[in-house]
Structure formats: structure tokens, C-alpha cells
Amino acid sequence: QVQLVESGGGLVQPGGSLRLSCVASGTIFSINAMDWYRQYPGKEREWVATATRRGSTIYSDSVKGRCTISRDNAKNTVYLQMNSLKPEDTAVYYCRVGTVNGLIFWGQGTLVTVSS
């Protein structure tokens with residue numbers, strides 16, 4: 001089992017920045033990819049970015065160039081640095097990890113609100 005706790009969400013003005021964090025605990029050695037997703041009200045969760053175990057990163061087109069995913073394996077933490085935030089980035093952001101044996105775990109979510 002892996003437990004995930006996100007933090008860093010909040011209210012920010014358009015053009016501002018936030019850094020989300022997600023700390024993993026539990027069966028850490030089995031973690032493979034670490035991802036960020038987001039969910040708008042009434043919509044399905046959508047993938048935002050992935051950091052693989054070896055450090056490769058992949059981004060959705062909607063955040064490419066504005067967001068940076070990184071992971072600190074020593075701290076069992078994945079980050080999402082979000083810059084140039086837009087009102088359409090307003091959503092609940094979820095951390096997700098996949099394990100080497102194919103299990104998926106989700107965090108509880110952290111709300112990001114971009115508004116003036």
C-alpha cells in the first residue's frame with residue numbers, strides 16, 4: 001500500500017505561480033511513475049504530467065511550457081511547479097502513483113483556484 005498526501009493548493013491571481021507537493025509513504029520501494037491529474041467540477045479527471053522512476057517527464061499540451069513536474073526519490077515526493085496560471089487551471093489536482101506490480105494509488109486532492 002502507498003499513501004499520498006498533497007499540499008500547496010490555494011488561491012492565486014492569473015499569471016501567478018504555485019507549487020504542489022505530494023508525499024508518499026508506505027510501500028515506497030514499489031513506486032514506479034508519479035503523476036499529476038486534475039479534475040474540473042462534473043468532469044472526468046484529466047492527466048497533467050508524469051515523472052517516471054528514471055526521471056523522464058511528460059506533459060499534457062494544456063500545461064506544457066508552464067508547468068514542471070519533478071520528483072525527489074530520497075524524500076518520496078513529487079512536485080508540480082505551475083507558472084503563468086490561468087483561470088482555466090482552476091481544478092482539484094490529484095497526485096497518482098503506479099507501482100511496479102501495476103497497482104494505482106491516488107491522493108485526496110488539493111484545490112487550485114486561479115482568480116482575480
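As numbered in our numbering, residues 1 to 116 make up the sequence shown, in order.
For every residue, glycine included, the Cβ atom is placed at its ideal position computed from N, Cα and C.
Beta carbon of M34 nearer than 9 angstroms to that of V78: yes
Looking at the structure shown, is S7 part of a helix, part of a strand, or coil, going by DSSP? strand
Counting C-beta neighbours from all protein chains within 10 Å, is the total for L20 16 or more, i.e. buried, or is it exposed? buried
Buried/exposed call for I31, threshold 16 Cβ in 10 Å: Burial is judged here by how many other beta carbons sit within 10 angstroms of a residue's own beta carbon; I31 has at least 16 and is buried.
T50 lies in the beta strand (DSSP E); which residues open and close that run? 46–51
Exposed or buried, which one is Y40 when buried takes at least 16 other CB atoms within 10 Å? exposed
When the Cβ atoms of the stretch 21–29 are set against those of the stretch 61–78, are three or more pairs found closer than 8 angstroms? yes
Distance, Cα to Cα, I28 vs E88? 33 angstroms
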